[in-house]
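Chains as they are written, first to last, in my numbering: chain A, 1 to 125; chain B, 126 to 457.
Data first, discussion second: the structure below is written as structure tokens.
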């Protein structure tokens, strides 16, 4: 079972993401956090396989979190963002994200993306 | 008949005047005899009128210039008189002389010249300073509708200094088409003797096809009856400043758009995404709460944007809230 950390500042959405991912037997959510520093802290503590990362976060945004992930502690990252522009997505991938999904239209693909990313994630860890 | 005192008065006057006067007689195509010079002229070659009288021009005047002087005599013989301005390296130093040579009878010539060295040097320095400051200067004789431009003014219009004759009309032709009427009106005000606006910004299109933004400041000088005599103008190239202002405005606009985008994202997109996911998961009550939050956030974003518009324009004008017509098929 793959461990997952969810980082999103929108509490109701974070709860629903945890609910959705938790319903899938392949994943267990070990932490859900509201900002960038908390995401880095959760990664240090839990060393998760996967990180579901919002880009618009308080204190440190998602791109800054990606920048600060070290090789030793680098879960496979699926970005789940409200920003739909390709430039932002390209920048996130450049900084190491495995996939970028748009909130709303991308929810249906999230579980598949996590499966796909966790496979490639294990290869890179 | 001239009175008896006339010659004495002429000699006194000739000795006292700073005007350089010389009378010569051509004795060959390449030389002349100095018949008489006044004191100011003799000083140019560090001599006296008495020492120079009766000597050959080729003996007393620097050799490199003699041929040119003789050519001028020939020209004066042909046309009666000839005006000139020359720069000479003389025993008295470097001099700029502006003069006239007139042909007399019996191959004699009288030449008189002003020493304009100081004026030309002052002008040269002014040109240097105005070029350094990138300020063009012009003098506009309003009564005769003629103009003189500084070197920098020529450059601002895309010309080499002196490349074309300066004129108010040519200057106006170089105004940007969208600014030409405005500049034309300002020039008309000057012609009518009315004070122009202190400093006005225009765009100029140079002969070199470059567009420049300039601030033009005009000072009008009128006679006691208020009739315009001439106008002095200073033209400052502010192209770089305008470009920086434009860039800064674009940056400010981009920052505002980024702020609005984040406000819409955080307040509306996030909440609508929550609605979407809640409905997918069958969490109807959560979806309802998220819908309320999304609507409230969207209304707040719209209220903030309209407040900014009102702050900039003073009020929301009637008609500003009219719903835009949408293409058919996109809903109402």
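Note that CB positions come from ideal geometry on N, CA and C, so glycine has one too.
Residue 351 of chain B to residue 249 of chain B, Cα distance in whole Å? 33 angstroms
Mind checking residue 297 of chain B: buried by the 16 CB within 10 Å criterion, or exposed? exposed
What are the residues of the stretch 53-68 of chain A that lie near chain B, defined by any Cβ-Cβ distance shorter than 8 angstroms? 56
Top-ranked residue by Cα proximity to residue 82 of chain A, from A/3, A/114, A/13: A/13
Quick check on residue 227 of chain B: does DSSP put it in helix, strand or coil? strand
Under 8 angstroms between C-beta atoms, does residue 82 of chain A make it to chain B? yes
Buried or exposed (CB count within 10 angstroms, at least 16 for buried), residue 89 of chain A: buried
When you compare only the Cα positions, how much space is there between residue 497 of chain B and residue 437 of chain B? Past the boundaries of the shown model lies residue 497 of chain B; chain B is included only from 126 to 457, so the question cannot be answered.
Whole-angstrom distance between residue 442 of chain B and residue 8 of chain A, CA atom to CA atom: 40 angstroms
Going by beta carbon distance, what residues of the same chain come within less than 8 angstroms of residue 199 of chain B, once the five residues before and after it are set aside? 154
Partner residues on chain A for residue 419 of chain B, Cβ-Cβ distance less than 7 angstroms: Neighbours of residue 419 of chain B on chain A: none; closest Cβ ~11 angstroms, over 7 angstroms.
In DSSP terms, what residue 266 of chain B is bridged to: B/271, B/355
Closer than 8 angstroms to chain B by CB, residue 22 of chain A: Not one beta carbon of chain B lies nearer than 8 angstroms to the beta carbon of residue 22 of chain A.
In the structure shown, what three-state DSSP assignment does residue 93 of chain A receive? Residue state, collapsed to three classes: helix.
Expected contact under 8 angstroms - CB spacing of residue 91 of chain A and residue 78 of chain A to nearest Å: That pair is no contact at about 15 angstroms.
Taking 6 angstroms as the limit between beta carbons, can you name the residues of its chain near residue 162 of chain B, skipping five residues before and five after? 147, 174, 177
Nearest-angstrom Cα separation, counted from residue 208 of chain B out to residue 215 of chain B: The straight-line gap from Cα to Cα measures roughly 20 angstroms.
How would you label residue 54 of chain A, buried or exposed, when you count the other beta carbons within 10 angstroms and need 16 or more for buried? Buried.
In terms of residue numbering, what span does the alpha helix (DSSP H) encompassing residue 234 of chain B cover? Here residue 234 of chain B belongs to no alpha helix (DSSP H); instead the beta strand (DSSP E) covers 233-240.
Proximal chain A residues relative to residue 406 of chain B, where beta-carbon distance stays under 7 angstroms: 16, 19, 20
List, in order along the chain, the chain B residues whose C-beta lies closer than 7 angstroms to that of residue 104 of chain A? 397, 398, 401
Could you please tell me which residues of the stretch 243-264 of chain B, in chain order, have their CB closer than 8 angstroms to any CB of chain A? none
Leaving aside the five residues before and after residue 348 of chain B along the sequence, list all residues of the same chain whose C-beta is less than 8 angstroms from its C-beta, in chain order. Contacts found: 354.
For residue 400 of chain B, which option in A/24, A/5, A/3, A/11 has the closest C-alpha, if you only look at C-alpha atoms? A/11
Quick one: what does DSSP say residue 319 of chain B is sitting in, helix, strand or coil? coil
Counting only Cβ pairs nearer than 8 angstroms, list the residues of chain A close to residue 446 of chain B. Simply none; closest approach about 27 angstroms.
Along chain A, in chain order, which residues have C-beta atoms closer than 9 angstroms to that of residue 391 of chain B? Those are 9, 10, 56, 82, listed as they occur along chain A.
Taking the alpha helix (DSSP H) that residue 432 of chain B belongs to, which residues open and close that run? 409-438
In this structure, what does DSSP give as the bridge partners for residue 208 of chain B? B/225
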